[in-house]
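A.B. asks: Start counting the sequence shown at 1; every next residue gets the next number (the UniProt record's numbering).
Here a beta-carbon is modelled for each residue, glycine too, at the ideal position from N, C-alpha and C.
Here it is, the structure, as structure tokens.
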Amino acid sequence: MLRQEGSIAQNIKLKRTRDAVTSAIQAAIDRLTQVNKIPDNGLVLFCGENFDTNEFKCFMFSPPEKVPIFFYRTDKSFHTEFLEDMIEESDVYGLVIVERDYATIGILKGARVQVLEEFEGFVPGKHMMGGQSQRRIDRIIEEMYANFLKEVGEKVNAFFLPFVENKKMKGILIGGPGYAKKDFYDGDYMDYRLKKLVLQPLFDVPDQGDAGLKELIMKAQDLLKNQKYVQVENLLEEIKYHLAKDDGLVIYGIQDIRKALQMGAVDSLVVYDEPGSELEKLAQEAENYGAKVYVIGDELPDGEWVKKTFGGAIGKLRYKVY
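Put into structure tokens, the structure is as follows:
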């Protein structure tokens with residue numbers, strides 16, 4: 001892909017820009033050819049020239065957590081936004097959704113929800129036989145069910161115990177559509193250190209996967225009041241309410257937001273994360289004026305909505321300004 005990009009870069013009209021881009025691409029290729037195997041957490045590679053200092057830099061490394069996406073961009077600055085959650089000292093919550101033959105395991109860190117594994121077991125339902133055959137098959141089915149819960153427990157232990165050992169696991173939420181969540185919690189399936197971290201109650205959640213984890217978080221919002229994901233989701237719901245009422249308590253547009261900040265009228269502001277942009281400057285200005293600022297990306301369900309519909313920034317006002 002980089003070799004193809006190198007060929008395309010020859011069409012750049014400005015010589016200095018063309019030379020900088022082709023040098024960066026070639027430097028990246030030179031380093032990638034030395035890599036025999038991609039590390040488990042993936043690979044990050046930044047190469048480029050600073051036009052202000054004429055300094056050329058290249059950085060290649062494997063980050064402390066898995067790289068969440070494949071991303072390639074030729075730009076004026078390095079895109080580090082996908083890595084920033086990895087170095088924030090934010091608490092981690094474990095997430096488990098379990099039903100009779102299906103489970104999802106994930107984590108909540110800052111504003112990022114990550115599915116660690118989603119998997120299915122094979123546990124038959126009811127059958128029509130009678131007598132001794134029925135009792136024998138019932139025992140087999142219950143054994144298969146217990147084995148599936150044991151598999152869930154083993155995976156939960158493998159994923160969550162490193163966070164406990166690093167003192168980063170704040171709590172664990174367990175949900176599911178039926179009785180399996182209680183069987184899982186009551187049984188001897190999780191390590192005792194994890195079981196002590198399970199937050200009560202257990203939650204009724206009908207879905208699995210990413211959608212199920214996000215539903216689990218919002219159902220547990222009273223337990224997670226100070227957690228960034230919950231705070232932003234609640235603020236955006238409040239903003240949508242005021243938009244629907246058209247009561248003048250929502251502000252968007254960079255210039256209008258700046259005017260409202262200068263008046264001290266902005267209570268809370270949601271800003272889409274674009275390093276080096278006007279949005280980044282706006283977020284800093286808002287903090288200086290004492291507004292609550294939440295910087296988000298596509299990890300939140302409404303991140304794309306904020307970016308495309310409102311130009312990347314929308315806020316809630318203390319009072320009407322127009």
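Determine the DSSP secondary structure at residue 211, reduced to helix, strand or coil.
C.D. replies: Here residue 211 is taken as the residue at index 211 of the sequence shown, counted from 1. Helix.
A.B. asks: If I follow the unbroken beta strand (DSSP E) through residue 268, where does it start and stop?
C.D. replies: In the sequence shown, counting from the first residue as 1, residue 268 sits at position 268. Per DSSP, residue 268 belongs to the beta strand (DSSP E) from 266–272.
A.B. asks: With distances taken from CA atoms, which of 283, 106, 254, 52 is nearest residue 211?
C.D. replies: If you number the sequence shown from 1, residue 211 lands on position 211. Ranking 283, 106, 254, 52 by Cα distance to residue 211 puts 106 first.
A.B. asks: Indicate whether residue 250 and residue 300 have their beta-carbon atoms separated by less than 8 Å.
C.D. replies: For the purposes of this step, residue 250 is taken as the residue at position 250 of the sequence shown. For the purposes of this step, residue 300 is taken as the residue at position 300 of the sequence shown. Going by C-beta atoms, residue 250 is not nearer than 8 Å to residue 300.
A.B. asks: Which residues mark the beginning and the end of the alpha helix (DSSP H) in which residue 240 is found?
C.D. replies: Indexing the sequence shown from 1 puts residue 240 at position 240. First-last of the alpha helix (DSSP H) with residue 240: 228–245.
A.B. asks: Keeping to the same chain, check which residues put their C-beta closer than 6 Å to that of residue 157; ignore five residues upstream and five downstream.
C.D. replies: By one-based count along the sequence shown, residue 157 stands at place 157. Same-chain partners within the cutoff: 191.
A.B. asks: Work out the CA separation of residue 188 and residue 213 for me, nearest whole Å.
C.D. replies: Taking the sequence shown and counting its residues from 1, one reaches residue 213 at position 213. Taking the sequence shown and counting its residues from 1, one reaches residue 188 at position 188. If I take the Cα positions, the gap works out to 23 Å.
A.B. asks: What runs of the alpha helix (DSSP H), each 4 residues or longer, lie entirely inside the segment 120–189?
C.D. replies: Complete alpha helix (DSSP H) runs here, min 4: 131–165, 180–186.
A.B. asks: Near residue 39, what residues of its chain come up, given a Cβ to Cβ distance below 7 Å and the 5 sequence neighbours on each side ignored?
C.D. replies: The residue labelled residue 39 in the question sits at position 39 within the sequence shown. Excluding sequence neighbours, residue 39 sits near 62.
A.B. asks: Residue 58 to residue 66, Cα distance in whole Å?
C.D. replies: Within the sequence shown, the letter at position 58 stands for residue 58. Within the sequence shown, the letter at position 66 stands for residue 66. Looking at the two C-alpha atoms, the distance is approximately 21 Å.
A.B. asks: Could you give the distance in angstroms between the alpha-carbon of residue 265 and the alpha-carbon of residue 320?
C.D. replies: Stepping through the sequence shown from its first residue, residue 265 is reached at position 265. Stepping through the sequence shown from its first residue, residue 320 is reached at position 320. Roughly 8 Å separates the two Cα atoms.
A.B. asks: Taking all protein chains shown into account, do 16 or more other C-beta atoms lie within 10 angstroms of the C-beta of residue 268, making it buried, or fewer, making it exposed?
C.D. replies: Here residue 268 refers to the residue found at position 268 of the sequence shown. With 16 or more Cβ atoms within 10 Å of its Cβ, residue 268 is classed as buried.
A.B. asks: Excluding the five sequence neighbours on either side, which residues of its own chain have a C-beta within less than 7 Å of the C-beta of residue 202, listed in chain order?
C.D. replies: Here residue 202 corresponds to residue number 202 of the sequence shown, with the count starting at 1. Contacts found: 174, 175, 181, 182, 185.
A.B. asks: Taking only three categories from DSSP, how would you classify residue 318?
C.D. replies: As a first step, residue 318 must be located in the sequence shown, where it is residue number 318. Coil, per DSSP.
A.B. asks: Pull the bridge partners of residue 104 from the DSSP assignment, please.
C.D. replies: Taking the first residue of the sequence shown as position 1, residue 104 is located at position 104. Per DSSP, 97, 118.
A.B. asks: Could you check where the beta strand (DSSP E) with residue 57 kicks off and where it finishes?
C.D. replies: Residue mapping note: residue 57 aligns to position 57 of the sequence shown, counting from 1. Per DSSP, residue 57 belongs to the beta strand (DSSP E) from 55–61.
A.B. asks: Can you pull the DSSP bridge partners for residue 204?
C.D. replies: As a working mapping, residue 204 is identified with position 204 in the sequence shown. Its beta-bridge partners are 176.
A.B. asks: Okay, do the segment 134–154 and the segment 96–111 touch, 3+ Cβ pairs below 8 Å being the bar?
C.D. replies: Flag = yes, the segment 134–154 and the segment 96–111 touch.
A.B. asks: Given that a residue counts as buried once 16 or more other Cβ atoms are within 10 Å of its Cβ, and exposed if not, what is residue 69?
C.D. replies: Here residue 69 is taken as the residue at index 69 of the sequence shown, counted from 1. It is exposed - the Cβ of residue 69 has fewer than 16 other Cβ atoms within 10 Å.
A.B. asks: Can you give, in chain order, each stretch of the alpha helix (DSSP H) that sits fully within the segment 275–319 and has at least 4 residues?
C.D. replies: Qualifying alpha helix (DSSP H) stretches, in chain order: 278–288, 303–310.
A.B. asks: Roughly how many angstroms separate the alpha carbons of residue 37 and residue 43, rounded to a whole number?
C.D. replies: In the sequence shown, the residue the question calls residue 37 occupies position 37. In the sequence shown, the residue the question calls residue 43 occupies position 43. C-alpha separation (whole angstroms): 10 Å.
A.B. asks: Taking a contact to mean a Cβ-Cβ separation below 8 Å, would you say residue 1 touches residue 93 in this structure?
C.D. replies: One-based indexing of the sequence shown puts residue 1 at position 1. One-based indexing of the sequence shown puts residue 93 at position 93. Their beta carbons are not under 8 Å apart, which means residue 1 does not touch residue 93 by this criterion.
A.B. asks: Give the secondary structure of residue 219 by DSSP, where H, G and I count as helix, E and B as strand, and everything else as coil.
C.D. replies: Translated into the one-based positions of the sequence shown, residue 219 becomes position 219. Residue 219 falls in the helix class under three-state DSSP.
A.B. asks: Using the Cα positions of residue 81 and residue 280, report the straight-line distance between them to the nearest angstrom.
C.D. replies: The residue labelled residue 81 in the question sits at position 81 within the sequence shown. The residue labelled residue 280 in the question sits at position 280 within the sequence shown. If you take the alpha carbons of residue 81 and residue 280, they lie about 12 Å apart.
A.B. asks: Measure the C-alpha to C-alpha separation of residue 29 and residue 75 and round it to an integer number of angstroms.
C.D. replies: Translated into the one-based positions of the sequence shown, residue 29 becomes position 29. Translated into the one-based positions of the sequence shown, residue 75 becomes position 75. Whole-angstrom Cα-Cα distance: 17 Å.
A.B. asks: Going by beta carbon distance, what residues of the same chain come within less than 6 Å of residue 177, once the five residues before and after it are set aside?
C.D. replies: Numbered from its first residue, the sequence shown carries residue 177 at position 177. Closer than 6 Å at Cβ, skipping near neighbours: 99, 206.
A.B. asks: One question on the structure: do residue 307 and residue 272 come within less than 8 Å of each other, judged by their Cβ atoms?
C.D. replies: Translated into the one-based positions of the sequence shown, residue 307 becomes position 307. Translated into the one-based positions of the sequence shown, residue 272 becomes position 272. Yes, Cβ-Cβ distance for residue 307 and residue 272 is below 8 Å.
A.B. asks: Tell whether a beta-carbon distance below 8 Å holds between residue 119 and residue 78.
C.D. replies: Residue mapping note: residue 119 aligns to position 119 of the sequence shown, counting from 1. Residue mapping note: residue 78 aligns to position 78 of the sequence shown, counting from 1. No.
A.B. asks: Under 8 Å by Cβ, that's how I've got residue 295 and residue 283 pegged, so tell me the actual separation to the nearest angstrom.
C.D. replies: Position 295 of the sequence shown, counted from the first residue, corresponds to residue 295. Position 283 of the sequence shown, counted from the first residue, corresponds to residue 283. Going by Cβ atoms, the distance from residue 295 to residue 283 rounds to 6 Å, so yes, they are a contact pair.
A.B. asks: Taking the DSSP output, what are the residues bridged to residue 323?
C.D. replies: In this structure the chain extends from 1 to 322, so residue 323 is not present and cannot be described.
A.B. asks: Quick check on residue 16: does DSSP put it in helix, strand or coil?
C.D. replies: The residue given as residue 16 occupies position 16 in the sequence shown. Residue state, collapsed to three classes: helix.
A.B. asks: Less than 8 Å between the CB atoms is what I'm expecting for residue 194 and residue 171, so what's the real figure, rounded?
C.D. replies: The sequence position of residue 194 within the sequence shown is 194, counting from 1. The sequence position of residue 171 within the sequence shown is 171, counting from 1. Going by Cβ atoms, the distance from residue 194 to residue 171 rounds to 10 Å, so no, they are not a contact pair.
A.B. asks: Checking 8 Å against the spacing of the C-beta atoms, do residue 108 and residue 116 come in under that value?
C.D. replies: On the sequence shown, position 108 is the one that residue 108 refers to. On the sequence shown, position 116 is the one that residue 116 refers to. Cβ atoms of residue 108 and residue 116: not closer than 8 Å.
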